[in-house]
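Protein chains in written order, with the working numbering: chain V, 14 to 103; chain Z, 3 to 430.
C-beta: ideal position from N, C-alpha, C; glycine also.
If you're wondering where the values come from, they're calculated on a predicted model, not measured in any experiment.
Here the structure is laid out as structure tokens; the discussion comes afterwards.
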Amino acid sequence: MRNGTDRLRALNAPQRVRVELDEQRRPRVVKREAGNEKRVESFGENWRMDDEWWRQPIVRRYVEVVLEGGGRVVLFEDLMTGEWFAQMPA
Amino acid sequence: MTRTPRLTSDTAACCWIPLFALRCETARRPELAALPLALLAPDDTRRLWQVAPLARRAGVKPGMTVSQAIGLCPALKLCEPDPVHYDEQFARLVAALVTVSPVVEPVELGRVFVGTDGLEGLYGGAEEIVEAIKRGTRNAECGTEMESSLDCSAFPLPRSAFRVGWGRGKFVSWVAATRAKPGEAVIVPVGGEAKFLASQRLAVLPLDPDTHRRLLQLGVKTLGALVALPEEAVVSQFGRAGRRLWRLAAGLVSEPVVGRVVPEPIVAALTFFTPVGDRDLLAHALDKLVDRALGDPRRSGWRVQVVRVHAELEHGASWLVAATLKDPAATRERIAAPLKTQLERSPPAGAVERLVVEFTAFAPGTAELQLFARDAGAAARAGRRRALQSAAREIALRIRRPMLYHVIEVQPWSRLPERRYALIDFEP
Chain V
14 MRNGTDRLRA
24 LNAPQRVRVE
34 LDEQRRPRVV
44 KREAGNEKRV
54 ESFGENWRMD
64 DEWWRQPIVR
74 RYVEVVLEGG
84 GRVVLFEDLM
94 TGEWFAQMPA
Chain Z
3 MTRTPRLTSD
13 TAACCWIPLF
23 ALRCETARRP
33 ELAALPLALL
43 APDDTRRLWQ
53 VAPLARRAGV
63 KPGMTVSQAI
73 GLCPALKLCE
83 PDPVHYDEQF
93 ARLVAALVTV
103 SPVVEPVELG
113 RVFVGTDGLE
123 GLYGGAEEIV
133 EAIKRGTRNA
143 ECGTEMESSL
153 DCSAFPLPRS
163 AFRVGWGRGK
173 FVSWVAATRA
183 KPGEAVIVPV
193 GGEAKFLASQ
203 RLAVLPLDPD
213 THRRLLQLGV
223 KTLGALVALP
233 EEAVVSQFGR
243 AGRRLWRLAA
253 GLVSEPVVGR
263 VVPEPIVAAL
273 TFFTPVGDRD
283 LLAHALDKLV
293 DRALGDPRRS
303 GWRVQVVRVH
313 AELEHGASWL
323 VAATLKDPAA
333 TRERIAAPLK
343 TQLERSPPAG
353 AVERLVVEFT
363 AFAPGTAELQ
373 LFARDAGAAA
383 RAGRRRALQS
393 AAREIALRIR
403 RPMLYHVIEV
413 QPWSRLPERR
423 YALIDFEP
């Protein structure tokens, strides 16, 4: 999120990632834009969020994962476009 | 025992620059003037403090949260507040006014009362006094009494921002200033206070919101309507505060302007047991003397502008150096630095028997101990901010691009994590 004068920039903006899914449609491998790729070692909570249905609907499926190496990250699938994003956990 | 002279004046000129802090920012960065601009509150960066007219037109108001404001005006330009800079600019304005009248009472950023009793002999009537005040603020930096250009000003604000009200007492002059058009003055002749005040709106009185609402519910919309009520009836409804409001509205209260006495020179001296020629020792003694002079209670609320050091040398000779600080200061480092430079460049010709530090001229207010926040907490905050600004400038110089940001809450309640907080450039 940036305003018109390019002064405000969102903190924890989602980063686009590519994921490989397992048979249960859970992320198995996460590939960042930079090219490095990490396996998902374990899953935490998952939840769905529907918001702003009155203008530009936002529908996301979140899943909290631990990647190989121990990094904890929140992944979500934008159910409107099918794209996956990563965010820092709150 | 010396008696402190009391500087007061019944007639007052109120000099008012609305949105002073915001105007300081646009004066410093003129490119901001054309943008819908808002300043974040110094004590709560989630909220807006001052809002430029362009942003106001979009519905943005002071006190709103950043998220509300961005929702109303997506192009809103947010600025980090710089209270030290505003305070310094205001101190310059006050210093300029002191050249016109010795009775000057700063009230808040952008609002200052000037006592005008006795100035008739110097300048003439009220109109001429008001002109002298305007001229004084314009010419302070030029050191001339001639009509000067717009950019030759005591403080870099557009002259049109300056409004002046003249009358008997601070309240009348303040109301007159609020009625003045930008760059102009309203003069209320002595004896004409009641007539002038009668048509003014109730909001000019120092009312709490509840009293304001109750008076409006009673159908009282102007000061004239309030004065039309019996004084005792107002007192029975609103108590002692009601009496004061009624008397203010009737023009019966005339609070004088109370100025501050500029301190006499402050002197700190040290006599050495044996004459000293070592420069390090002299520099150390200089530090101690500056500290001692700064600690003098008379210095409180004033910054040092001119400092002199003189030394009595062996065999009856003497040594003297003086420094005029471009930016008046109240810290040892900034005051002692030019003196030490001179000590290195032209040291005393012999060993020093007695060393004397003297502060001879002062400027009102201090960055370190601000005019409107004289408590220790505010002084510490100002000090930290100055250190942070200095570090930020250093970083910007080294890496040549802005890398420092301030985190502000935008929609902390949002379910979307990226909408909760945002970064704003930190520009010292």
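Asked                                                                                                                                                           : Found
Taking the straight line between their C-alpha atoms, what separation do you get for L315 of chain Z and P277 of chain Z?                                       : 8 Å
Between the Cα of I337 of chain Z and the Cα atoms of Z:A295, Z:R300, Z:A251, Z:P349, which residue gives the shortest distance?                                : Z:A295
Which chain V residues are close to V432 of chain Z, counting only those with a beta carbon under 8 Å from its beta carbon?                                     : Any question about residue 432 of chain Z goes unanswered here, given that chain Z covers just 3 to 430.
Do you know how far the Cα of Q37 of chain V is from the Cα of M93 of chain V?                                                                                  : 19 Å
Do T47 of chain Z and H408 of chain Z have their C-beta atoms within less than 8 Å of each other?                                                               : yes
Please list the partners that A424 of chain Z has in chain C, where partner means a Cβ-to-Cβ separation under 8 Å.                                              : The structure shown contains no chain C; its protein chains are V and Z.
So, using beta-carbon positions, are R45 of chain V and V30 of chain V closer together than 8 Å?                                                                : yes
Taking only runs that begin and end inside the stretch 298-349 of chain Z, name each unbroken alpha helix (DSSP H) of 4 or more residues, in chain order.       : 334-347
With 8 Å set as the bound, which would you pick, yes or no: does the beta-carbon of E149 of chain Z sit closer than that to a beta-carbon of chain V?           : A caution first: E149 of chain Z carries a pLDDT of 39, below 50, which makes its placement in the model unreliable, though a value can still be read off. It does not: the Cβ of E149 of chain Z has no partner Cβ on chain V nearer than 8 Å.
Report the residues of the stretch 56-69 of chain V with a CB closer than 8 Å to any CB of chain Z, ordered along the chain.                                    : M62, D64
Can you give me the Cβ contacts of V309 of chain Z inside the same chain, cut-off strictly under 6 Å, excluding the 5 residues immediately before and after it? : A325, I337, F361
By how many angstroms is the C-alpha of A351 of chain Z removed from the C-alpha of K79 of chain Z?                                                             : 59 Å
Who are the near neighbours of M101 of chain V in its chain, counting only those whose CB is closer than 8 Å to its CB and skipping five residues on each side? : N25, V86, V87
For Y88 of chain Z, list the residues DSSP reports as bridge partners.                                                                                          : Paired residues: none, contrary to the question.
Measuring only between beta-carbons, confirm whether P40 of chain V sits less than 8 Å from chain Z.                                                            : no
Can you check which of these residues, V:A103, V:D35, V:W60, is closest to L91 of chain V by C-alpha distance?                                                  : Reading the sequence as shown, one finds Asp at residue 91 of chain V and not Leu. Minimum Cα distance to D91 of chain V is reached at V:W60.
On the DSSP bridge assignment, give the partners of E355 of chain Z in chain order.                                                                             : Partner(s): none; E355 of chain Z has no beta bridge.
Express the C-alpha separation of R262 of chain Z and A331 of chain Z in angstroms, rounding to a whole number.                                                 : 19 Å
Alpha helix (DSSP H) containing V236 of chain Z: first to last residue?                                                                                         : 233-251
If you run the structure through DSSP and keep just helix, strand and coil, what is K51 of chain V?                                                             : strand
Below 8 Å, how does it come out for the stretch 244-257 of chain Z and the stretch 207-227 of chain Z: are there three or more Cβ pairs, yes or no?             : yes
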